[in-house]
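Note sheet for the following structure.
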Amino acid sequence: MTKPDQKKEAFVFDKVQHCYSGVPALEKIDLKINEGEKIAIVGPSGSGKTTLLNMLNASIQPTNGRIEILGKDSNLYSPKELKALRSNISLIPQNLALVNSFRVWQNVITGSIGDYSFPKLIKNLFAPSEKKLLEIHSILERVGIEEKLYSVTSTLSGGQKQRVAVARSIFQSPSTILADEPVSSVDPARAASLVKILLKVAEEEEATLLMSLHNLDLAIKHFPRIIGIRNGNIHFDQSPDQISQRQLEELYELKESEILQDG
Amino acid sequence: MAKKSINSLPSTTVSPLIGKRRSILFWITLITIICGFLIGLKPDNLFSNNSLKLATEFFKASISPAIDYENPVEGTEPFLKVVVESILITLRFAILVMSVSVPIGAILAFLSTTAWWPENINSTTKKSLLRTLHIIARSWIAFARSIHELIWGIIFITAMGLSTEAAIVAVTIPFSGILAKIYAEIFEEQCKETQSMFRAIGAGYFVSFLVGIIPSALPDIISYTFYRLECALRAAAVFGFVGIETIGYKIKLSSDEFHYQEVWTYLYALFLTIALLEWWGGKIRVSLNSKHV
Ligand SMILES: Nc1ncnc2c1ncn2[C@@H]1O[C@H](COP(=O)(O)OP(=O)(O)OP(=O)(O)O)[C@@H](O)[C@H]1O
Ligand SMILES: [Mg+2]
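These protein sequences, in sequence, are chains A and B. Heads up, the first sequence is in this note's numbering, so the first residue is 1 and it goes up one at a time. Heads up, the second sequence is in this note's numbering, so the first residue is 1001 and it goes up one at a time.
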């Protein structure tokens, strides 16, 4: 048994609600996430996974309730503290948000954009040292696209771009990794290997990992804790062996209004 | 629930698009006729005897542009050399205008757009400072654009005397304003996802804008800047008619003496220059776009 004070709480949600122009996307979420935990977030489209992830770096603030990030209310961070916090939390957004006209290595560099001073950023983006390039090369090796180091990012396939985004996230050496559907465009074998890479990175760096996934099998196979979200509520929050078949079926059940009529 | 058959569209009395277009067309035609009437257009002026004769002469000259003076005078520079020189002078004018207008336009664009603003500013002094700058920049841009470069030219030439410097300042004012407006629009059209992702991992708002927006905006920016260079070239030529020594000045001299073949040589040279610029700009655009599949 672990003692309660042995693991530090990274994120605590207290009755968190979030509304987009009055319409709730998340309702009364209570959640505790410890440092170093590895969590998969599953749930149907529009259930609120992206919204939840974006609350963890205070990009989205709760409409009601409160979120504690590293022991401090997310609303009380000063701009400077927020910058420091965020540069320690990497994000792989659903749309990847890569700079398409940059070369792959330049996109990887932007992972550290929150840490660099302006002159240092410019130097690294346009005249990186040999050492930096070697570091990037070895990260690209880990995600399996080292031959694309100098390629223009827009010429890559969807799956290759996802791996660039993962590499960018690794380069940031964060203490928390937020990954929103990071494997949606790769084939099943590569999806599994990419998930394993992120888990391994998180393990080695002792980072907290939160990943939203549409692929339930991947979540069950690789994550010790799975949070199921449905209609902005937590449907279950358990280890995979505790989740019943019934709960999984309920999670993805279509609402009456969602059932497509044909003819 | 009532079941609809697959092939039927919801019924309306008129197909909406065609109906709307027809009435827009009608109004445009009507307004054009009214405007023509108010200005006092007399289409038969176009075909009065004298103007018809001059026009025929002018267009006839187009098939045989001059390669030497139509009325050579001892001791003057060879005609073709003068043509090339006047093109170079005109180009120099246009490039000078652009090299001042582009940086000023870029700065004004940056001040006038909200694309880089922090999403929530808590400090009220900062907020009002940004707002003030924003309003000043917008107003200046609107003012500078609303007055044509020729009118600015008349103002500055009256104030500073007939000089190339005065003409360059005159063209730079509206040009930097127009560039600022278009640049700002291009910034605002870009997808904001990369920028907000950089914000989310701790980058400042200026850096997020610079790395998240500028690279994707660059092809459009360059493309538009080339188009403006073309406009600057035309403006330079027009200022020749006011007396600034660009190609327009030579065109006016030849035209005043009814040397239409010389006029055509100048016009063809100008056309060739703009075509070359177009070709060069196109090449740059293609090389940038190949990175933006
Ligand atoms: N910017 C926004 N403005 C308004 N409504 C939004 C916005 N973003 C999300 N929503 C709404 O909030 C709800 C939750 O959206 P969210 O993106 O969090 O879902 P998701 O679980 O990530 O879905 P997906 O699996 O399709 O990515 C949806 O109903 C969506 O329509
Ligand atoms: Mg989502």
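Glycine included, every Cβ here is placed at the ideal spot set by N, Cα and C. Treat the numbers as computed from the prediction; the structure is a model and nothing was measured.
> Mind listing which residues of the segment 1199-1211 of chain B have their C-beta closer than 9 Å to chain A's C-betas, in chain order?
Replying inline: Sequence-ordered contacts of the segment 1199-1211 of chain B with chain A read Arg1199, Ala1200, Ile1201, Gly1202, Ala1203, Gly1204, Phe1206, Val1207, Ser1208, Leu1210 and Val1211 [C-beta pairs closer than 9 Å].
Anything in chain B within Cβ reach of alanine 97 of chain A, meaning under 7 Å, just list it in chain order.
Glu1193, Thr1194 and Met1197
Could you pull out every residue in the same chain whose Cβ sits closer than 7 Å to the Cβ of asparagine 107 of chain A, ignoring the five residues on either side in sequence? Leu98, Val99, Thr153, Val164 and Arg168
Using the three-state DSSP reduction, which class does proline 1215 of chain B fall into: helix, strand or coil? Reduced to three states, the DSSP call for proline 1215 of chain B is helix.
message = Between which residues of its own chain and alanine 1166 of chain B is the CB-CB distance below 7 Å, once the five residues before and five after are set aside?
response = Phe1156, Ile1157 and Met1160
| query | Can you list every residue whose CB sits closer than 6 Å to some heavy atom of ligand 1, going in chain order? | reply | A:Tyr20, A:Ala25, A:Gly43, A:Ser45, A:Gly46, A:Ser47, A:Gly48, A:Lys49, A:Thr50, A:Thr51 and A:Gln94
I'd like to know whether the C-beta of glutamate 89 of chain A is nearer than 8 Å to at least one C-beta of chain B. A small fix is needed here, since residue 89 of chain A is isoleucine in this sequence, not glutamate. Cβ-Cβ to chain B under 8 Å: yes for isoleucine 89 of chain A.
Could you tell me whether the Cβ of serine 1216 of chain B comes closer than 8 Å to any Cβ of chain A? yes
(Q) Against chain B, with Cβ distances strictly below 8 Å, would asparagine 124 of chain A count as a contact? (A) no
State the Cα-Cα distance for the pair alanine 10 of chain A and alanine 84 of chain A, rounded to the nearest angstrom. 15 Å
Going along the segment 161-183 of chain A in order, which residues come within less than 7 Å of chain B, judged by CB to CB distance?
Gln172
- So the alpha helix (DSSP H) isoleucine 122 of chain A belongs to, where does it begin and stop? 118-126
What are the residues of the segment 95-120 of chain A that lie near chain B, defined by any Cβ-Cβ distance shorter than 8 Å? Asn95, Ala97, Leu98, Val99, Asn100, Ser101, Phe102, Thr110, Gly111, Ile113, Gly114, Asp115 and Phe118
Taking 7 Å as the cut-off, does the CB of serine 185 of chain A come closer than this to any heavy atom belonging to ligand 2? no
Decide yes or no for the touch test of the segment 1051-1068 of chain B against the segment 1254-1268 of chain B: beta carbon pairs closer than 8 Å, at least 3 of them. yes
Notebook entry, point to check: At a CB-CB cut-off below 7 Å, which residues of chain B make contact with asparagine 57 of chain A?
Noted result: Ala1200
**Prompt:** Would you say lysine 83 of chain A faces chain B, with C-beta separation under 8 Å as the test?
**Reply:** yes
| Closest Cβ-Cβ distance between proline 93 of chain A and chain E: below 8 Å? | Looking at the structure shown, chain E is missing, and the protein chains on hand are A and B.
* Hey, does arginine 86 of chain A have any beta-carbon neighbour from chain B nearer than 8 Å? -> yes
Checklist entry - By Cβ distance, which residues of its chain are closer than 8 Å to phenylalanine 171 of chain A, with the 5 residues on each side in sequence left out? => result Val108, Ile109, Gly111, Ser112, Glu135, Ile136 and Ile139
- State yes or no: is the C-beta of glutamate 274 of chain A nearer than 7 Å to some heavy atom of ligand 2? No answer is possible for residue 274 of chain A: the residues shown for chain A start at 1 and end at 263.
- [ ] Could you pull out every residue in the same chain whose Cβ sits closer than 7 Å to the Cβ of tyrosine 252 of chain A, ignoring the five residues on either side in sequence?
- [x] Pro44
| request: Output the distance between the C-alpha atoms of arginine 1266 of chain B and tyrosine 1227 of chain B, rounded to the nearest integer angstrom. | output: In the sequence as presented, arginine is not what sits at residue 1266 of chain B; that position holds tyrosine. If you draw a straight line from the Cα of tyrosine 1266 of chain B to the Cα of tyrosine 1227 of chain B, it comes to about 21 Å.
(message) Nearer than 7 Å: is that true of the beta carbon of serine 59 of chain A relative to any heavy atom of ligand 2?
(response) no
Confirm, please, whether the CB-CB distance from leucine 248 of chain A to isoleucine 41 of chain A is below 8 Å. no
Determine the extent of the beta strand (DSSP E) in which threonine 176 of chain A is found, giving its start and end residues.
176-180
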